[in-house]
Amino acid sequence: MRNFSKLIFQRVVVVSLGILLQIIFVLAGMSWLHEYRRWLGFAMSVLSWGAVITVICSHGNPSYKIAWAVLILAFPVAGLTIYLLFGGNRVSSHEARKMAGIERVTTNALTQNPEVLAQIEARGDDAYNHARYLFSCAHYPAYERSDAAYFPGGEPCFAAMLEELEKAKQYIFLEFFIIGNGEMWGKILDILKRKAAAGLDVRVLYDDFGCITRLPMGYAKKLGEFGIRAHAVNPYLPVLNGRMNNRDHRKLMIIDGKAAFTGGVNLADEYINLTHPHGHWKDCAVLVRGEAVWSMTAMFLAFWGYVDRSAEDLSVFRPRDAAVPSDGFLQPFADSPLDHENVGASMYQSLIRSARRYVWLMTPYLILDDEMLSALCTAAKTGLDVRIVTPGVPDKWYVHAVTRANYEALTAAGVRIYEYTPGFVHSKLALADGKFALVGTVNLDFRSLYLHFEDGVYLCGASAIEDIHADFAATFPKCEEITYAACKRTHPGQRLLQTLLKLFSPLL
Numbered sequence: 001m002r003n004f005s006k007l008i009f010q011r012v013v014v015v016s017l018g019i020l021l022q023i024i025f026v027l028a029g030m031s032w033l034h035e036y037r038r039w040l041g042f043a044m045s046v047l048s049w050g051a052v053i054t055v056i057c058s059h060g061n062p063s064y065k066i067a068w069a070v071l072i073l074a075f076p077v078a079g080l081t082i083y084l085l086f087g088g089n090r091v092s093s094h095e096a097r098k099m100a101g102i103e104r105v106t107t108n109a110l111t112q113n114p115e116v117l118a119q120i121e122a123r124g125d126d127a128y129n130h131a132r133y134l135f136s137c138a139h140y141p142a143y144e145r146s147d148a149a150y151f152p153g154g155e156p157c158f159a160a161m162l163e164e165l166e167k168a169k170q171y172i173f174l175e176f177f178i179i180g181n182g183e184m185w186g187k188i189l190d191i192l193k194r195k196a197a198a199g200l201d202v203r204v205l206y207d208d209f210g211c212i213t214r215l216p217m218g219y220a221k222k223l224g225e226f227g228i229r230a231h232a233v234n235p236y237l238p239v240l241n242g243r244m245n246n247r248d249h250r251k252l253m254i255i256d257g258k259a260a261f262t263g264g265v266n267l268a269d270e271y272i273n274l275t276h277p278h279g280h281w282k283d284c285a286v287l288v289r290g291e292a293v294w295s296m297t298a299m300f301l302a303f304w305g306y307v308d309r310s311a312e313d314l315s316v317f318r319p320r321d322a323a324v325p326s327d328g329f330l331q332p333f334a335d336s337p338l339d340h341e342n343v344g345a346s347m348y349q350s351l352i353r354s355a356r357r358y359v360w361l362m363t364p365y366l367i368l369d370d371e372m373l374s375a376l377c378t379a380a381k382t383g384l385d386v387r388i389v390t391p392g393v394p395d396k397w398y399v400h401a402v403t404r405a406n407y408e409a410l411t412a413a414g415v416r417i418y419e420y421t422p423g424f425v426h427s428k429l430a431l432a433d434g435k436f437a438l439v440g441t442v443n444l445d446f447r448s449l450y451l452h453f454e455d456g457v458y459l460c461g462a463s464a465i466e467d468i469h470a471d472f473a474a475t476f477p478k479c480e481e482i483t484y485a486a487c488k489r490t491h492p493g494q495r496l497l498q499t500l501l502k503l504f505s506p507l508l
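Going letter by letter, the sequence shown gives residues 1 to 508 in the working numbering.
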């Protein structure tokens, strides 16, 4: 264990030092040109204003663009350097072609049954608009002959994962932001090794940055020794790279195309409360069965082809006997930062605006743009019961400060804020009127909504929605409600810090 930790520490230090040295080299080069400071200053001004104009004219969220513009103009040298390295979603023509290939693969593999859409339209509510958007803009169809089981915590989800993995007969696909050495991953890995040895197709994708303090470099090759095909997505290398922003934040476990998990639960011990870095870890997940699993299988295989630089016939992975008795309508979806469709943000806003009685949210981070803030406040002002559950024990103090900076405007409009006092809320969850729900990986922050690869499941009329409602009802009594009066009593120093951090919140 000591050697394992040492390897991880060495990797973090080496990679971070490599990046730091390159930044120092750039700044040193500018210092060396000090004697030309007049011309250098003029050049930097031109470049800065050019960058600001580029940012403002680009496709993207206005709050995100304003934050970059302020940073560049306030600190021309540092701001411009940071923007050139990490700003926006600049994609090379080669990467753009690869991403277009992914979209073609998923579009060709996923078709919408018109009878299902007709049944949804016959409901006479906003479900049809939600379903039509997800298919027409994100290319993910709605399904019947599917069901979902909701888990209000990592512990029951983990037990179900082990049970489903043992049933695998053809393939197991895993895609996770975080995989951490420990009891949870150890038990899963034992099953994966046995299944791979038995001839099953076992594949693992993990985000390299998400796992940098948990897995050693070259871990994918180690998994390969067990017959498990694996890749670290978007490797964290000692090279300045603008793509470091785009992390694979998805959480998918797919078994034989018949069962699939997604939600907030990663594969590390804190997610099942074996360790307690931030108090009790409150999370959620959903197990999808039936025809809807095909969308989740296709999104994994398409992304696998993107990372593996390979192409395969997706249809051979589609089971013929996946259908189960219908339980409402399910619509799994993916969200990519490399296109111009912000699927996660659009679905959150659509649910908020379509609610007639209430909309309840759980999120670990509450970093809102003006559009999302306006949607929540307007809903509350029209008399809807709008509630948001956030952590009482944060994992990042600066993000929590920005989260709290939004409380005053929200509570002034009538939104009710609940902080989960036992610990950290990691659930990404939305419920509207007891009829519609979203469960997935999408946080209410800029990175998750605009910069990361994400996934989720839209539920309409499914019995799992009752379990989601019960989870909210059981969680509220464990929270402290934050009132508008309490927000007004915020210490001036703390308020100043929140204001400064909120100014750059789109970059957090």
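Positions of the beta carbon are idealized from the N, C-alpha and C atoms, including for glycine.
From a predicted model like this one, the values you see are computed outputs, not experimental measurements.
Going by C-alpha positions, F446 is about 22 Å away from A413. In this structure, the beta-carbon distance from I255 to E164 falls below 8 Å.
When C-beta atoms of the stretch 126 to 142 are compared with those of the stretch 166 to 185, fewer than three pairs fall below 8 Å, so the two segments do not count as touching. Of the residues G224, T378 and A127, the one whose Cα lies closest to the Cα of G328 is A127. Taking a 10 Å sphere around the C-beta of K195, we find 16 or more other C-beta atoms and assign the residue as buried. Three or more beta-carbon pairs drawn from the stretch 398 to 406 and the stretch 360 to 368 are found closer than 8 Å, and the two stretches are therefore classed as touching. In this structure, DSSP gives E466 a helical state, which the three-state scheme calls helix.
In terms of CA proximity to N234, C211 leads the group C211, K251, L189 and M253. In the structure shown, C211 adopts coil according to DSSP, grouped into three states.
Annotation: the continuous alpha helix (DSSP H) that includes I188 extends over E183 to A197.
Under DSSP, I172 shares a beta bridge with V202 and I255.
Between the stretch 437 to 457 and the stretch 256 to 265, the count of Cβ pairs shorter than 8 Å is three or higher; the stretches touch.
Burial state of W397 is exposed, judged by a 10 Å Cβ sphere holding fewer than 16 other Cβ atoms. Counting only the Cα atoms, I66 lies some 12 Å from A74. Residue pairing for L351: DSSP places it in no beta bridge.
Counted as a single uninterrupted DSSP element, the stretch harbouring L501 is not any beta strand (DSSP E) but the alpha helix (DSSP H) occupying residues P492 to L503. Residue burial annotation: T421 is exposed, with fewer than 16 other C-beta atoms found within 10 angstroms of its C-beta. By the 16-neighbour rule on beta-carbons within 10 angstroms, L223 is buried. If you draw a straight line from the Cα of L205 to the Cα of F226, it is about 15 Å long.
DSSP assignment within the stretch 399 to 485 yields the following whole beta strand (DSSP E) runs of 3 residues or more, N-terminal first: 416 to 420, 423 to 425, 429 to 432, 436 to 440, 454 to 460 and 479 to 482. Annotation: K488 to E408 spans about 7 Å, alpha carbon to alpha carbon.
Between the alpha carbons of I102 and G180 lies a distance of about 28 Å.
Taking C-beta separations shorter than 7 Å and ignoring five residues to either side along the sequence, the partners of A220 in its chain run A230, H231 and A232, following chain order.
Here the C-alpha atom of L189 lies approximately 13 Å from the C-alpha atom of L215. In its chain, beyond the 5 residues on either side, L205, R250, L252 and F300 have a beta carbon closer than 6 Å to the beta carbon of E175. Under the Cβ criterion (8 Å, minimum of three pairs), the stretch 270 to 289 counts as touching the stretch 147 to 156. DSSP places V55 within a helical segment (H, G or I) once states are collapsed to three.
Per DSSP, the beta-bridge partners of T262 are V286. Spatial neighbours of T499 in its own chain (CB-CB distance under 8 Å, excluding positions within 5 residues in sequence) are listed in chain order as A405. The residue from T390, G392, P391 and A375 with its alpha-carbon nearest to that of L384 is A375. The stretch 347 to 364 makes no contact with the stretch 313 to 328; the number of CB pairs closer than 8 Å stays below 3.
Membership of D308 in the alpha helix (DSSP H) is indicated by the continuous run V293 to D308.
Taking a C-beta distance under 8 Å as the contact criterion, G279 and F424 qualify as a contact pair.
DSSP places S146 inside the beta strand (DSSP E), whose first and last residues are S146 to F151. Distance between T106 and L314, taken at the CA atoms: about 9 Å.
Boundaries around F135 are those of the alpha helix (DSSP H), A127 to A138, since no beta strand (DSSP E) includes it.
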